[in-house]
């Protein structure tokens, strides 16, 4: 009898643990975490001191509440002056990706000026669909940076924002090095920000372009963020990856202190693999002169 009672307790406790774990997984993948960070630079023009930027990445066509209302509420509550979307807005399996992109683009651009670069998943739909996504985003008020750069002006000062298409893009697309050369040719030696989807291309590559801060995503925060790690595995299937969440200095001696901020993203891909200890992220980066 005692043995049967212990066995009964074991299965009951196991069931309770599984139910609680299921509840945690649902909450941990459907609730949004807003993280604040500050980037300090003596090169930042005084007019941009205190500028708040919201970065979103890797939505993969996901919805947070009806019509993404919880996502937009979180972004609006952050009071951004600019919104940067660093790729994988849609998943390669998203149905009607152009419609989804237009909905998100219109909602975000109604909150603050919004800037977007492609990720690898957009290109999984093919060049024609990518062109439709870009056109729809532009029509919704979003500035699409397709190996392009624009000036940003605040309190009488200007900086440069550049963005590059994912390497899966056009076969003949401009290289990041060419884009950087054009930035310097037009603006001299400006303070500039770079939007580039792939975090794993920063160290030893994007860091050499000279941008003061690069914004990336792609790694999904390492998916399962085990204690004392940068995650168990990233989207390239690298075990115990680095450069998956937050600020990182380039380790290349030729980079002169270049930094990247890596967003953990919002969505799941593939969708059957849940995030663990890694809630969907809205990142708020404040620029600080110092």
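In our numbering, the protein residues as written are 279 to 568. Positions of the beta carbon are idealized from the N, C-alpha and C atoms, including for glycine.
Ranked by Cα distance from residue 389, the first of 340, 291, 336, 330 is 330. Assignment of residue 357 by DSSP, reduced to helix, strand and coil, places it in the coil class. Here residue 450 is not near residue 395, since their CB atoms are 8 Å or more apart. The C-beta of residue 461 has 16 or more other C-beta atoms within 10 Å across all chains shown, which makes the residue buried. Pairing residue 474 with residue 438, the inter-Cα distance amounts to about 14 Å. Distances from the CA of residue 524 to each of 556, 459, 400, 368 were compared; the closest alpha carbon is that of 556. In terms of Cα proximity to residue 453, the closest of 431, 426, 470, 463 is 426. Distance from the CA of residue 406 to the CA of residue 383, rounded to the nearest whole angstrom, comes to 19 Å. The straight-line gap separating the alpha-carbon atoms of residue 463 and residue 457 is approximately 10 Å. Take the alpha-carbon of residue 504 and the one of residue 433: they are about 43 Å apart. Sequence-distant Cβ neighbours of residue 333 in its own chain, meaning closer than 6 Å and more than five residues away, are 362, 493, 541, 561. Across the set 287, 566, 553, 376, the C-alpha of 553 shows the shortest separation from the C-alpha of residue 306. Straight-line measurement puts the Cα of residue 491 at about 10 Å from the Cα of residue 535.
With a minimum length of 3 residues, the unbroken runs of beta strand (DSSP E) contained wholly in the stretch 359-420 fall at 360-364, 392-395.
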